[in-house]
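These protein sequence lines are chains A and B, in that order.
For the first sequence, the working numbering begins at 1295 and goes up steadily by one.
For the second sequence, the working numbering begins at 1295 and goes up steadily by one.
Down below is the structure, laid out as structure tokens.
There are 2 protein chains.
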Amino acid sequence: MPKVILSKISTKAPKNADKKSVVKKTAELATKIGKMSEMLWAEKKHSLLVILQGMDGSGKDGVAKSVFMACPALVIDAHAFKKPSEEEFAHDFLWRVHKNVPAKGQVKLFIRSHYEDILIQRVHQWIDDKKAASRLEAINNFEKLLVEDNETTILKFYLHLSHERQLEKLEERRIDPEKQWKFNPADFEESKLWDKYMRYYEAAINGSVIPWNIVPSDSRWYRNYIVAQKVYDTLKKLNPAFPLLLENGKNKT
Amino acid sequence: MPKVILSKISTKAPKNADKKSVVKKTAELATKIGKMSEMLWAEKKHSLLVILQGMDGSGKDGVAKSVFMACPALVIDAHAFKKPSEEEFAHDFLWRVHKNVPAKGQVKLFIRSHYEDILIQRVHQWIDDKKAASRLEAINNFEKLLVEDNETTILKFYLHLSHERQLEKLEERRIDPEKQWKFNPADFEESKLWDKYMRYYEAAINGSVIPWNIVPSDSRWYRNYIVAQKVYDTLKKLNPAFPLLLENGKNKT
């Protein structure tokens, strides 16, 4: 696979994309995703793990909301990874992650994930390069286990935002009364470390065995569409179906 | 490392071993283990994971009781792995194991473990050789993570019992009123699969990156002593110490 160089990938929607029709298509896809997630749940053969990573303001919560809005609460669960608790910190970095992986039939959203342990932790030099390499290897092994031992499909999205657009969105949070609850002055400080984040995001993306989807995220509507399309295509390939009763009264599967 | 061939390793205590002095030494070791486990807990630098595997009647519970009797309940925890629950079964085989690994400062006993997933499951052909190979690789990766990311020391004991001695012990369970609670007629059925178990135990032991201790277990007193000595030596190497106050009133570590 060719190396991903983030600075060479556009963060913008294509010029010819038509917002109105894209928004409509996204809503249609979300409805289908909801229906297929119910089948996945009923069938209990596979599970789907969706990893959402991206800088502050890139729209992880927004994607979680709009793409998966039609998935029943019983089927879907979103887990946002924050600063580790004292108990979590006393264990290996994958301990709290493994606890939260999807069971067969489930769709699980990770808002941030185990990748933070080789992103923010590297940016702030809480871990050295050797530890980061050992963690990356552990991540690849861990994801392999989920795929091979539990029929998990792992979908990774990097929400690719420009630095300029991030600053606009952080400013929105400061001003918009419906977004102020998300505002944290420390985010502006963290934003100054942009170049370092990009470097370690590239290292994480290029070192992953299971590939990443790089999603242009300066426009919310286009970002949501790209993710929805990929989730839909993936579910379609899994081809879930409601198990039917056989003549003897037993389930087919 | 030379390949382990279980049939070539004695299950008996050496002829010259003196039961009375061995029992006394074991009790002394257990006291020291208890003290050192408190230091491990206070220091919170390392964790110790003790894996006890062996056929029915080999004395996993007995070891857990006698070797660790002086460890405070706050420091030590024993987890017996049984048939997976429906929720556990809907996840990869290491999911329920990872949840139970020791935090820094803890001593954790696994009575049976993730190795059952390549033992009983192979004996009964619930998984094929390919799945077993993929699980063995996952086990080695998982144990590496615990060692590298959380300063965990993993001590593995195979309690090596002869088939004849097993049958005696199962019979004891049938007769002894204090042991009847452990009796399960199905154990005699499982015992008939002895040779298969030995074959897959050998495969597990020889495929493990972190080595196993093969403990002659026909005599309870000798078995307990060998385990106690190894646990003691391991804790001594970890060299835990109560963190002291410095002159500025802060802890040294």
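For glycine and all other residues, C-beta sits at the position ideal for the given N, C-alpha and C.
Model, not experiment: these values are computed from the prediction.
Between the C-alpha atoms of residue i and residue j, what's the straight-line distance to the nearest angstrom?
i       : j       : result
D1481/B : M1349/A : 56 Å
K1354/A : K1486/A : 20 Å
M1551/A : Y1452/A : With chain A represented from 1295 up to 1547, any question about residue 1551/A goes unanswered, as that position is not in the structure.
A1522/B : E1437/A : 37 Å
V1317/B : T1528/B : 20 Å
G1399/B : E1466/A : 45 Å
A1374/A : D1411/A : 14 Å
G1501/B : S1428/B : 11 Å
L1538/A : H1408/B : 35 Å
V1509/B : L1430/B : 22 Å
W1506/B : E1496/B : 11 Å
P1471/B : F1477/B : 10 Å
K1402/B : L1343/B : 5 Å
V1357/B : K1450/B : 13 Å
K1530/B : S1456/A : 54 Å
K1425/A : M1330/B : 29 Å
A1372/A : N1434/B : 30 Å
N1394/B : F1404/A : 22 Å
H1385/A : L1440/A : 20 Å
S1301/A : H1454/B : 60 Å
R1459/A : K1339/A : 41 Å
P1396/A : F1536/A : 19 Å
W1389/A : V1391/B : 10 Å
A1432/B : E1382/B : 17 Å
Q1474/B : N1444/A : 38 Å
R1517/B : E1483/B : 25 Å
G1328/A : K1359/A : 12 Å
E1380/B : S1341/B : 30 Å
K1309/B : D1489/B : 27 Å
K1524/B : I1303/A : 56 Å
I1345/B : S1315/A : 59 Å
Below 8 Å on C-beta distance, what does residue i contact in chain A?
i       : result
F1387/B : D1443
R1429/B : D1443
N1500/B : What N1500/B touches in chain A: nothing, since even the nearest Cβ is about 21 Å away.
N1542/B : Near N1542/B there are no residues of chain A at all, since even the closest Cβ is about 24 Å away, more than 8 Å.
Tell me the DSSP secondary structure of residue i in three-state form.
i       : result
D1368/A : It should be pointed out that residue 1368/A corresponds to Leu in this sequence rather than to Asp. Three-state result, L1368/A: coil.
T1305/A : coil
I1448/A : strand
V1298/B : coil
N1507/A : strand
G1348/B : strand
L1540/A : coil
So residue i and residue j are supposed to be a Cβ contact under 8 Å. How far apart are they, rounded?
i       : j       : result
P1378/A : E1332/A : The pair is not a contact, with the Cβ atoms about 34 Å apart (cut-off 8 Å).
R1416/A : Y1494/A : 5 Å
T1305/A : S1511/A : 6 Å
W1335/B : V1369/B : 4 Å
W1515/B : K1326/B : With 8 Å as the limit, W1515/B and K1326/B do not qualify as a contact, their Cβ atoms being about 18 Å apart.
P1479/A : E1337/A : Not a contact, Cβ separation roughly 47 Å.
L1532/B : G1351/B : So it is not a contact: roughly 32 Å between Cβ atoms.
L1540/A : Y1491/A : Incorrect: roughly 54 Å between the Cβ atoms, too far for contact.
I1504/A : I1421/A : The Cβ separation is near 22 Å, so there is no contact.
At a CB-CB cut-off below 9 Å, which residues of chain A make contact with residue i?
i       : result
E1381/B : A1397
K1393/B : W1389, H1392, K1393
N1518/B : None at all; the shortest Cβ gap to chain A is about 30 Å.
Run through chain B and tell me which residues come within less than 9 Å of residue i, C-beta to C-beta.
i       : result
N1331/A : Looking at the sequence itself, residue 1331/A is Ser, so the reference to Asn does not match. The premise fails here: S1331/A is roughly 16 Å from chain B at the closest Cβ pair, so nothing lies under 9 Å.
N1507/A : Per Cβ cutoff of 9 Å: no residues; N1507/A is ~23 Å from chain B at best.
N1478/A : Chain B residues near N1478/A: none, gap ~29 Å exceeds 9 Å.
I want to verify the contact list: residues of chain B whose CB lies under 7 Å from the CB of residue i, in sequence order.
i       : result
L1439/A : D1386, L1388, A1432
N1310/A : The premise fails here: N1310/A is roughly 44 Å from chain B at the closest Cβ pair, so nothing lies under 7 Å.
Under 7 Å Cβ-Cβ, which residues of chain A neighbour residue i?
i       : result
N1279/B : The structure shown does not extend to residue 1279/B, since chain B is modelled only from 1295 through 1547, so no value can be given for it.
Extract the residue ranges of the alpha helix (DSSP H) inside the segment 1375 to 1441 of chain A, only unbroken runs of 4 or more that lie entirely within it. 1380 to 1383, 1389 to 1393, 1414 to 1417
Alpha helix (DSSP H) segments (min. 4 residues) lying fully within the segment 1449 to 1532 of chain A: 1457 to 1469, 1480 to 1485, 1488 to 1501, 1514 to 1532
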